[in-house]
Amino acid sequence: MTSRVVVLTGASSGIGRAAAGAFAARGDRLVLAARGLAGLESAAASCGGTPLMVPTDITRAVEVEALADAAVEQFGRIDVWVDTAAVMAYGKFEDVPAHVFDRVVATDLLGPANVARVALRRFRRQGRGTLILCGSLLGHITAPQMAPYVTAKWGVRGLARTLRQETRDAPGIHVCMVSPGSTDTPIFTSAANYAGFVGRPPPPVDPPERVADAIVRLADRPRADVSVGAANRVMEFGFAALPRVYDALVGPMMSRLGLSRRATAPQNGNVFAPQRGSGGRPGGWSRGAVGATLGGAVGAGTAVAALALRKIRDAGVSSSR
């Protein structure tokens, strides 16, 4: 294997932390970036070796540029740049404060744009490089009470597609996107929340290492878009092919599967600053931990689906009279 220089933004927790470990195991040289130094130190310790740590807020273009400068000064080049930094906010659109909505979009959409701008300029100078952006299943479908995150991830998907078109003249430069479904990361419990209940990933839930493995494979053999999640294609099909059924089901299913029963007061979570104590590790949402919830949800979903289909059928009959 050839050692690469890999920059990871969002490296202190979740998918980014798992990806850092996967690249480290491969023998690559790492530059780890996130907002909080404590989280970076924990991630670096879990990787072993001596990765370069650069505290960086990707919403600040000047800090992203400084990160690239530090990487090049230390290692001479950047071969792969992976951006997984993200925050989330729960609540109906009108209940989420405007400044929280704006900050989620700034982090999850304008942040990747800052990363892409800096990375692609470096890659142009080098004549090669691979940019891997982290999208989401929610960049392909929608879900209520997650409007800021959905808006941003749809934007990232459009950004990645456009960048691929604009780099067709540079065969050594690759723009890739990984789109995870439900993944066991701290983002759900650290999210801003105006929904009244702590969020959780709906089942089936994958470990972050599965997404990390997909990211490393993209770095090895670049592809445009990789989806990671057992339910992703089913959800995308329902969203596109059965929109009326999907819209009737997604609200009840979100309440049943996407929100826990643990109440919470309105709060900003980690949207504006890192939270202490999470350590960036998974939140314990394994497939087994949500199995019982899934079983109950299937029954509830079946009932809701039957009701939705009956309403659609009745509406069709009424309109034909």
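Residue numbers (this note's numbering): 493 to 813. A virtual CB, placed ideally from N, CA and C, is assigned to each residue, including glycine. Predicted model only: the values in this text are computed from it and were never measured.
Residue i: first and last residue of the uninterrupted beta strand (DSSP E) it sits in
{"i": "I707", "result": "It is not in any beta strand (DSSP E) - I707 instead sits in the alpha helix (DSSP H) that spans 700-712."}
{"i": "M669", "result": "665-672"}
{"i": "I624", "result": "621-626"}
{"i": "G691", "result": "689-691"}
{"i": "D739", "result": "Not the beta strand (DSSP E): D739 falls in the alpha helix (DSSP H), residues 735-745."}
{"i": "A755", "result": "751-755"}
{"i": "S719", "result": "717-720"}
{"i": "V763", "result": "It is not in any beta strand (DSSP E) - V763 carries neither H nor E in the DSSP assignment."}
{"i": "T542", "result": "Unbroken run through T542: none, as it is neither H nor E."}
{"i": "V697", "result": "No beta strand (DSSP E) holds V697; DSSP gives it neither H nor E."}
{"i": "T675", "result": "Here T675 belongs to no beta strand (DSSP E), and DSSP marks it neither H nor E."}
{"i": "T501", "result": "497-501"}
{"i": "A525", "result": "521-525"}
CB-CB length for residue i against residue j, believed under 8 Å
{"i": "A635", "j": "M545", "result": "Not quite, the Cβ-Cβ distance comes to about 34 Å (not below 8 Å), so this is no contact."}
{"i": "F689", "j": "R753", "result": "7 Å"}
{"i": "G506", "j": "T576", "result": "7 Å"}
{"i": "N724", "j": "G673", "result": "5 Å"}
{"i": "V718", "j": "V763", "result": "Contact flag wrong, Cβ pair sits at about 27 Å."}
{"i": "L623", "j": "C668", "result": "7 Å"}
{"i": "N606", "j": "A563", "result": "Actually they do not touch by this definition, with Cβ atoms about 15 Å apart."}
{"i": "G631", "j": "R614", "result": "So it is not a contact: roughly 25 Å between Cβ atoms."}
{"i": "P714", "j": "H666", "result": "4 Å"}
C-beta contact flag for residue i and residue j at 9 Å
{"i": "T675", "j": "D698", "result": "yes"}
{"i": "G502", "j": "I550", "result": "yes"}
{"i": "P547", "j": "L522", "result": "no"}
{"i": "L559", "j": "A608", "result": "no"}
{"i": "A711", "j": "V498", "result": "yes"}
{"i": "D571", "j": "R617", "result": "no"}
{"i": "E701", "j": "A514", "result": "yes"}
{"i": "A512", "j": "S538", "result": "yes"}
{"i": "N760", "j": "V597", "result": "no"}
{"i": "V720", "j": "V708", "result": "no"}
{"i": "G508", "j": "A536", "result": "no"}
{"i": "A722", "j": "P696", "result": "yes"}
{"i": "V574", "j": "S682", "result": "no"}
{"i": "L751", "j": "A687", "result": "yes"}
{"i": "S534", "j": "P766", "result": "no"}
{"i": "V588", "j": "A716", "result": "no"}
{"i": "A516", "j": "G531", "result": "no"}
{"i": "L524", "j": "L601", "result": "no"}
{"i": "R620", "j": "G568", "result": "no"}
{"i": "P678", "j": "A581", "result": "no"}
{"i": "V737", "j": "G743", "result": "no"}
Residue range of the unbroken alpha helix (DSSP H) whose run includes residue i
{"i": "T643", "result": "639-658"}
{"i": "I633", "result": "That residue, I633, is in no alpha helix (DSSP H); it is neither H nor E in DSSP."}
{"i": "A537", "result": "529-539"}
{"i": "R509", "result": "506-518"}
The ligand ADP heavy atom lying under 8 Å from the CB of residue i
{"i": "R521", "result": "With respect to the ligand ADP, the structure offers nothing, as it holds no ligand at all."}
Length at least 4, wholly inside the region 544-617: the alpha helix (DSSP H) runs in chain order: Those alpha helix (DSSP H) runs which fall completely within the region 544-617 and span 4+ residues are 553-567, 590-597.
Segment contact, 8 Å Cβ cut-off, at least three pairs: the region 644-654 with the region 610-627: Put simply, the region 644-654 touches the region 610-627. At least three CB pairs are less than 8 Å apart.
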